[in-house]
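Residue numbers (this note's numbering): 374 to 856.
Take a look at the structure below.
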Amino acid sequence: MTLFENSYCELPKTFYRAAMPEPLVDALLIHTNQKLLAELSLDFDAETLLKMTKGESFPEGFKPIAQKYTGHQFGYYNPDLGDGRGLLLGQVKDAQQQPWDLHLKGSGVTPYSRRGDGRAVLRSSIREYLIGEALHALGVPSARCLSICHSPEPVRREQIEDRATYIRVAKTHVRFGHFEWLAQLGNQADFKQLAHYVIKTVYPEHQNLPEEIRYAALLNSINERTAYLMACWQASGFCHGVMNTDNMSVAGETLDFGPYAFLDDCKIHYICNHSDTEGRYAYSQQPNIGLWNCQVLGQAFSMLLSSEQIEAAINGYIETYNQTYLTKMCAKFGLSHPQPDDKHFIADSLILMDQSSLDFHYFFQMLALFATPEHAQFEEFLPDSKAWRLWMARYQERIDVEKNEPQRQQLIQKNTPKLILRNYIAQEIIEAAEQGDYEPLDNWFNWLITPYDVPEIFKTPEYAHYLLPPAAHHKEMALSCSS
Numbered sequence: 374m375t376l377f378e379n380s381y382c383e384l385p386k387t388f389y390r391a392a393m394p395e396p397l398v399d400a401l402l403i404h405t406n407q408k409l410l411a412e413l414s415l416d417f418d419a420e421t422l423l424k425m426t427k428g429e430s431f432p433e434g435f436k437p438i439a440q441k442y443t444g445h446q447f448g449y450y451n452p453d454l455g456d457g458r459g460l461l462l463g464q465v466k467d468a469q470q471q472p473w474d475l476h477l478k479g480s481g482v483t484p485y486s487r488r489g490d491g492r493a494v495l496r497s498s499i500r501e502y503l504i505g506e507a508l509h510a511l512g513v514p515s516a517r518c519l520s521i522c523h524s525p526e527p528v529r530r531e532q533i534e535d536r537a538t539y540i541r542v543a544k545t546h547v548r549f550g551h552f553e554w555l556a557q558l559g560n561q562a563d564f565k566q567l568a569h570y571v572i573k574t575v576y577p578e579h580q581n582l583p584e585e586i587r588y589a590a591l592l593n594s595i596n597e598r599t600a601y602l603m604a605c606w607q608a609s610g611f612c613h614g615v616m617n618t619d620n621m622s623v624a625g626e627t628l629d630f631g632p633y634a635f636l637d638d639c640k641i642h643y644i645c646n647h648s649d650t651e652g653r654y655a656y657s658q659q660p661n662i663g664l665w666n667c668q669v670l671g672q673a674f675s676m677l678l679s680s681e682q683i684e685a686a687i688n689g690y691i692e693t694y695n696q697t698y699l700t701k702m703c704a705k706f707g708l709s710h711p712q713p714d715d716k717h718f719i720a721d722s723l724i725l726m727d728q729s730s731l732d733f734h735y736f737f738q739m740l741a742l743f744a745t746p747e748h749a750q751f752e753e754f755l756p757d758s759k760a761w762r763l764w765m766a767r768y769q770e771r772i773d774v775e776k777n778e779p780q781r782q783q784l785i786q787k788n789t790p791k792l793i794l795r796n797y798i799a800q801e802i803i804e805a806a807e808q809g810d811y812e813p814l815d816n817w818f819n820w821l822i823t824p825y826d827v828p829e830i831f832k833t834p835e836y837a838h839y840l841l842p843p844a845a846h847h848k849e850m851a852l853s854c855s856s
């Protein structure tokens with residue numbers, strides 16, 4: 374029998390407040406992530422999972438709590454944050470004894486709701502349910518979802534919408550903002566307790582280090598994982614949209630989805646959140662904001678670490694990001710042996726794609742045809758311009774150095790998903806679910822977990838367009854934080 378606990382309750386009582394959810398009325402369990410259930414060795418039956426997801430009851434060992442933290446939101450410090458619409462239920466350990474948090478989102482009012490209703494709507498719940506699994510399938514570290522419920526209860530956002538809840542699974546729900554909060558309080562003892570908790574649950578390799586280097590090792594690991602995550606986002610053409618420090622996981626996992634988007638046209642400065650009027654969280658800014666957030670975290674750790682140790686951790690972020698991004702982007706271009714000058718080639722390529730309004734994902738699918746019997750299709754895809762003719766000559770010179778055909782094509786295909794959760798697709802799934810049709814949700818969930826392998830159905834006229842760049846009216850949907 375699986376045993377559950379909430380180890381976060383071992384920390385000081387000021388770190389959280391116990392709270393019970395507001396159960397959904399007339400709830401339906403509309404989807405279950407069977408793959409994740411199996412990975413966690415969970416044997417919940419449908420009735421147990423329904424009661425958990427709707428917030429009615431939980432197996433023994435779970436203790437719902439709302440965590441306290443603070444954070445920088447759009448660059449400004451907010452001391453009044455905490456779990457305002459979700460509750461940490463507890464942890465379960467997988468076969469490797471790695472603990473995983475189970476967190477109920479949309480659970481209702483908590484002590485940190487700040488006059489909000491603490492609820493989630495079906496629209497945003499489906500978006501998070503799908504994107505976690507989609508990113509995971511692309512190799513991007515991410516929180517994932519276990520199950521989702523739909524209720525006819527009305528919730529007011531920009532309009533009246535149906536209520537929903539879902540269970541989120543992550544290595545931890547400790548955020549950068551947790552450490553900011555304790556640093557603001559100046560409580561070194563509590564700060565160390567939280568650091569020990571994160572090491573025990575996320576970075577156990579640091580547990581036996583001497584205390585004088587243990588906290589520096591922790592900060593280094595958080596920075597390096599964050600840098601790796603930023604490189605994954607950029608190489609995947611993924612925009613998070615709200616990179617506040619209270620949305621940044623110390624485990625380096627994508628967390629707290631709002632107005633996210635995958636790029637359609639390769640717009641380097643694309644802003645997916647229409648509330649982000651200054652473009653702070655634009656696609657091009659994500660690596661710099663990741664660094665800025667790590668600098669803020671470093672300031673919090675200054676109560677334990679020297680300025681030299683913090684600077685070393687920042688340098689670790691920069692080195693990890695640069696190396697990871699170069700490796701991942703070279704792979705997308707079919708270059709298996711990255712060279713120092715490749716960073717300039719990659720940057721120039723993205724700028725040219727931006728200027729030509731080429732689809733970020735479809736470009737790489739077509740690139741696999743370069744210098745093959747289907748080469749003409751690639752040229753037809755490109756604008757007929759001197760700039761692109763020069764680019765093709767430059768690319769040919771670069772791949773001539775590698776001499777790795779057909780491995781080049783295989784490398785591109787291995788790093789180029791054919792199925793992308795574009796926002797117009799997510800909207801189609803949402804609109805069907807709002808009408809009680811959950812089949813598109815189930816279908817796309819199953820398709821997105823194997824994004825490099827296209828099911829036969831996508832060869833039919835009804836589905837073939839999903840593999841192509843979207844029509845103009847499907848591009849760049851306006852999304853707000855309530856998304």
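For glycine and all other residues, C-beta sits at the position ideal for the given N, C-alpha and C.
What you are looking at is a predicted structure, and each value in this text was computed from that prediction instead of being measured.
{"Check": "Got a sec, what are the start and stop residues for the beta strand (DSSP E) ILE438 sits in?", "Outcome": "438-440"}
{"Check": "In angstroms, rounded to a whole number, what distance separates the CA positions of ASP399 and ASP715?", "Outcome": "56 Å"}
{"Check": "Using DSSP with H/G/I as helix, E/B as strand and the rest coil, what is PHE635?", "Outcome": "strand"}
{"Check": "What residue range does the alpha helix (DSSP H) around GLU812 cover?", "Outcome": "812-821"}
{"Check": "Check the C-beta distance from ALA600 over to THR697 and give it rounded, since I have them as a contact under 8 Å.", "Outcome": "7 Å"}
{"Check": "Three Cβ pairs or more, each shorter than 8 Å: is that satisfied between the stretch 613-621 and the stretch 560-578?", "Outcome": "no"}
{"Check": "Taking 8 Å as the cut-off, decide whether the C-beta atoms of LEU519 and LEU475 are in contact.", "Outcome": "yes"}
{"Check": "Can you tell me whether DSSP reads GLY459 as helix, strand or coil?", "Outcome": "strand"}
{"Check": "Quick check on the DSSP output: the alpha helix (DSSP H) that includes TYR768 runs from which residue to which?", "Outcome": "759-775"}
{"Check": "Can you have a look at ILE595 and say buried or exposed, based on whether 16 or more other CB atoms are within 10 angstroms of its CB?", "Outcome": "buried"}
{"Check": "Under a three-way DSSP split, which group does PHE733 fall into?", "Outcome": "helix"}
{"Check": "Bridge partners of THR538, per DSSP?", "Outcome": "CYS522"}
{"Check": "Could you work out which residue in MET616, GLU778 and ILE822 is closest to HIS445 when comparing CA atoms only?", "Outcome": "MET616"}
{"Check": "Sort GLN464, LEU495, GLU506 and PRO711 by Cα distance to ILE533 and report the nearest one.", "Outcome": "LEU495"}
{"Check": "When you compare only the Cα positions, how much space is there between LEU558 and ARG762?", "Outcome": "60 Å"}
{"Check": "Identify the continuous beta strand (DSSP E) that holds HIS476 and give its terminal residues.", "Outcome": "472-478"}
{"Check": "According to DSSP, is PHE435 helix, strand or coil?", "Outcome": "coil"}
{"Check": "In three-state DSSP terms, what is GLU585?", "Outcome": "helix"}
{"Check": "For GLU383 versus GLY428, is the C-beta spacing smaller than 8 Å?", "Outcome": "no"}
{"Check": "Restricting to Cα atoms, I'd like to know which of TYR690, LEU413 and ASP418 is closest to ALA590.", "Outcome": "TYR690"}
{"Check": "With ALA391 as the anchor, note down where its beta strand (DSSP E) starts and where it stops.", "Outcome": "389-391"}
{"Check": "Relative to the C-alpha of SER648, which candidate in MET850, ARG548 and GLN471 has its C-alpha closest?", "Outcome": "MET850"}
{"Check": "At which residues does the beta strand (DSSP E) containing LEU402 begin and terminate?", "Outcome": "401-405"}
{"Check": "On the criterion of 16 or more Cβ atoms from any shown chain inside 10 Å, does THR693 qualify as buried, or is it exposed?", "Outcome": "buried"}
{"Check": "Who does ILE859 pair with in a DSSP beta bridge?", "Outcome": "Here the chain has residues from 374 to 856 only, and residue 859 is not among them."}
{"Check": "What residue does the alpha helix (DSSP H) around HIS717 start on, and which one ends it?", "Outcome": "715-728"}
{"Check": "Between CYS639 and PHE754, how many whole angstroms is the CB-CB distance? I'm expecting something under 8 Å.", "Outcome": "Rounded, the Cβ-Cβ distance is 13 Å, inconsistent with contact."}
{"Check": "Count the other CB atoms, across all protein chains shown, that sit within 10 Å of the CB of LEU708; report buried if there are 16 or more and exposed otherwise.", "Outcome": "buried"}
{"Check": "Can you tell me whether DSSP reads SER430 as helix, strand or coil?", "Outcome": "coil"}
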